[in-house]
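Here the sequence shown is numbered in our numbering, starting from 1369 and rising by one per residue.
Note that the Cβ used here is the ideal one computed from N, Cα and C, for glycine as well.
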Amino acid sequence: MPTILYRNDQKISPGDVMKIAVYAEHVGRQCYDVFAEDGSRSRSETLSRRAQAVSDSLDFGNEPYFPPETTKKVLDLRDMGSGMCFDTFGERGHMGKTMDLLGMAQDVDDVLDMLVIYHLSPEELEEAEAEWAHEAQFYAKIEGDNLTRDGPGTEASA
């Protein structure tokens, strides 16, 4: 588990706070994380509490500041929202995340980048680099105007 350091020199705006508020509101009202065999869904008390805790702790002043406790609440909600929390449902049990939710989650990640620094142990760093190298083989490589895809299951370059 990475070590999380909280920044004191935060460069956040009221707009950044609003991004987190919108995310907390959406997750707290539109997302579900408990699913029954009969197809019904509900919101866990934990999800509701975390969304409300984030909303209650936000600083909407002209020069907002996130104390570590508030930042931890945002991190917890983001982790829960990016996990088994869905806001769109279809036939035959399909569950998904709308582009709105994914965009809001990216906005929250961008704000969190201004609030925290992640430190990985040497073992975690080695593991992450191995995973990134493995995943990178599935993405196209762009060199100049040439696009190539050299990975498992590909025979040629485009």
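According to DSSP, which residues form a beta bridge with isoleucine 1372?
-> Answer is Tyr1486.
Thinking C-beta only, is leucine 1483 closer than 7 Å to phenylalanine 1403?
-> Taking 7 Å as the Cβ cut-off, phenylalanine 1403 and leucine 1483 do not qualify as a contacting pair.
Own chain, CB closer than 8 Å to serine 1425, minus 5 neighbours either side, in chain order | Same-chain partners within the cutoff: Glu1437, Thr1438 and Lys1441.
Would you say valine 1479 and aspartate 1384 are within 7 Å of each other, going by their C-beta atoms?
-> The answer is yes: Cβ separation under 7 Å.
Just reading off the alpha helix (DSSP H) that aspartate 1401 is part of, what are its end residues?
-> Run containing aspartate 1401: none; DSSP gives neither H nor E here.
In chain order, what residues of the same chain have a beta carbon less than 7 Å from the beta carbon of leucine 1488, not counting five sequence neighbours either side?
-> Residues of the same chain with a CB within less than 7 Å of the CB of leucine 1488, apart from the 5 flanking positions on each side, are Pro1370 and Ala1496 in chain order.
So what's alanine 1524 in DSSP terms, helix, strand or just coil?
-> Confidence in alanine 1524 is poor, its pLDDT being 48 and thus under 50, which makes the residue's placement too unreliable to answer from.
Rounded C-alpha distance that separates alanine 1501 from glutamate 1491 | Distance between the alpha carbons of alanine 1501 and glutamate 1491: 15 Å.
Taking only runs that begin and end inside the segment 1396-1459, name each unbroken alpha helix (DSSP H) of 4 or more residues, in chain order.
-> Qualifying alpha helix (DSSP H) stretches, in chain order: 1413-1425 and 1436-1450.
Under 7 Å, do glycine 1449 and threonine 1456 count as touching if we go by C-beta distance?
-> Their beta carbons are not under 7 Å apart, which means glycine 1449 does not touch threonine 1456 by this criterion.
Taking C-alpha atoms, which residue in Met1386, Ala1392 and Arg1409 lies nearest to glycine 1458?
-> Looking from the CA of glycine 1458, the closest CA among Met1386, Ala1392 and Arg1409 belongs to Arg1409.
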